[in-house]
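K.L.:
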Amino acid sequence: GAGVSQSPSNKVTEKGKDVELRCDPISGHTALYWYRQSLGQGLEFLIYFQGNSAPDKSGLPSDRFSAERTGGSVSTLTIQRTQQEDSAVYLCASSLRYRKETQYFGPGTRLLVL
Amino acid sequence: AQTVTQSQPEMSVQEAETVTLSCTYDTSESDYYLFWYKQPPSRQMILVIRQEAYKQQNATENRFSVNFQKAAKSFSLKISDSQLGDAAMYFCAYWGGNTPLVFGKGTRLSVIA
Chain A
-17 GAGVSQSPSN
-7 KVTEKGKDVE
3 LRCDPISGHT
13 ALYWYRQSLG
23 QGLEFLIYFQ
33 GNSAPDKSGL
43 PSDRFSAERT
53 GGSVSTLTIQ
63 RTQQEDSAVY
73 LCASSLRYRK
83 ETQYFGPGTR
93 LLVL
Chain B
1482 AQTVTQSQPE
1492 MSVQEAETVT
1502 LSCTYDTSES
1512 DYYLFWYKQP
1522 PSRQMILVIR
1532 QEAYKQQNAT
1542 ENRFSVNFQK
1552 AAKSFSLKIS
1562 DSQLGDAAMY
1572 FCAYWGGNTP
1582 LVFGKGTRLS
1592 VIA
């Protein structure tokens, strides 16, 4: 089937605006993950979902970040009052279950906050 | 906390030659998985190879193989017969316990024609 998809591919926004990033996981995958990749850095874990529940939100950088998942499928990562330091590539991944299984990644959303 | 270290920020290899990328990790877990992901300029993270810690045999996928040394907590990736399409960032990643994937900072591989 289709892989993980993310939209938009690129997003340019002004400081202080809200943005929503979308992730469509592989069909049937119950676990979904969000990561942030800043320029020249590795991947920083943000949050994961088992079904529609997010058991651990401690990876979110601040209370301006939130995420939800509906119907056990699509997930949205929302950043409120964006700051320049939020500029990064946001990657989404999914796996069949939340276990030590292979995560399949989407192409990412590149966010630029001016 | 688990950590993953990739000590080579950049590597280069001649086309058709072999190159080895290093990765070490720190953990107190006995059951865990290790992964190598490739990230080309397109940004898409692509799984290259995975290794279950309980398996003694090193994983192999075509031209890609690993040297897994559990006692030394080392997990290196060997790419044989390097091709131009192998040029990318390579990330080593660890998953153990309840921790989602922990990534190293990556190694940028250049392939010289």
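The listed protein sequences correspond, in order, to chains A and B.
Residue -17 is where the first sequence starts when you use the working numbering, and the numbers rise one by one after that.
Residue 1482 is where the second sequence starts when you use the working numbering, and the numbers rise one by one after that.
Ideal Cβ placement from N, Cα and C applies to all residues, glycine included.
Does V71(A) get closer than 8 Å to chain B when you measure Cβ to Cβ?
P.N.:
Yes, V71(A) lies at the interface with chain B (some Cβ there is under 8 Å from its Cβ).
K.L.:
Once DSSP output is grouped into helix, strand and coil, what is the label at S67(A)?
P.N.:
Just to set this straight, residue 67(A) is Glu in the shown sequence, not Ser. DSSP, read as helix, strand or coil, puts E67(A) in helix.
K.L.:
Out of V1500(B), L1528(B) and L1515(B), which one is the CA nearest neighbour of Y1506(B)?
P.N.:
L1515(B)
K.L.:
Which residues, in chain order, does the region 1544 to 1561 of chain B contribute to contact with chain A at a C-beta distance below 8 Å?
P.N.:
none
K.L.:
Please classify S1465(B) as buried or exposed, where buried requires at least 16 other C-beta atoms within 10 Å of its C-beta.
P.N.:
In the structure as shown, chain B starts at 1482 and stops at 1594, and residue 1465(B) therefore has no counterpart that could be examined.
K.L.:
Work out the CA separation of E1498(B) and H11(A) for me, nearest whole Å.
P.N.:
38 Å
K.L.:
Between the region 30 to 58 of chain A and chain B, which residues of the former have CB atoms less than 7 Å from a CB of the latter, in chain order?
P.N.:
Within the region 30 to 58 of chain A, the residues whose Cβ lies closer than 7 Å to some Cβ of chain B are Y30, listed in chain order.
K.L.:
Compare the beta carbon distance of G88(A) and A75(A) with 8 Å and say whether it is the shorter of the two.
P.N.:
yes
K.L.:
Which residues of the region -15 to 13 of chain A have a Cβ closer than 8 Å to any Cβ of chain B? Give them in chain order.
P.N.:
Of all residues in the region -15 to 13 of chain A, none has a Cβ within less than 8 Å of some Cβ in chain B.
K.L.:
Kindly indicate which residue of Y17(A), L3(A) and V71(A) has the alpha-carbon position closest to the one of Q85(A).
P.N.:
Y17(A)
K.L.:
Note down, one range per segment and in chain order, each beta strand (DSSP E) of at least 3 residues found wholly within the region -12 to 56 of chain A.
P.N.:
Taking only runs of at least 3 residues, the beta strand (DSSP E) segments lying wholly in the region -12 to 56 of chain A are -8 to -5, 1 to 6, 13 to 19, 25 to 32 and 47 to 51.
K.L.:
Is the Cβ of K1586(B) closer than 8 Å to any Cβ of chain A?
P.N.:
When Cβ-Cβ separations below 8 Å define contact, K1586(B) makes contact with chain A.
K.L.:
Can you name the start and end residues of the beta strand (DSSP E) that D1507(B) belongs to?
P.N.:
T1505 to D1507
K.L.:
Beta-carbon separation of T64(A) and A49(A) under 8 Å?
P.N.:
no
K.L.:
In the DSSP assignment, find the unbroken beta strand (DSSP E) run with G1585(B) in it and report its ends.
P.N.:
G1585(B) -> no beta strand (DSSP E), and no H or E assigned at all.
K.L.:
Exposed or buried, which one is Q1495(B) when buried takes at least 16 other CB atoms within 10 Å?
P.N.:
exposed
K.L.:
Any beta carbon of chain B sitting closer than 8 Å to that of L25(A)?
P.N.:
L25(A) counts as touching chain B.
K.L.:
Report the rounded CA-to-CA distance for S9(A) versus M1526(B), giving the unit in angstroms.
P.N.:
18 Å
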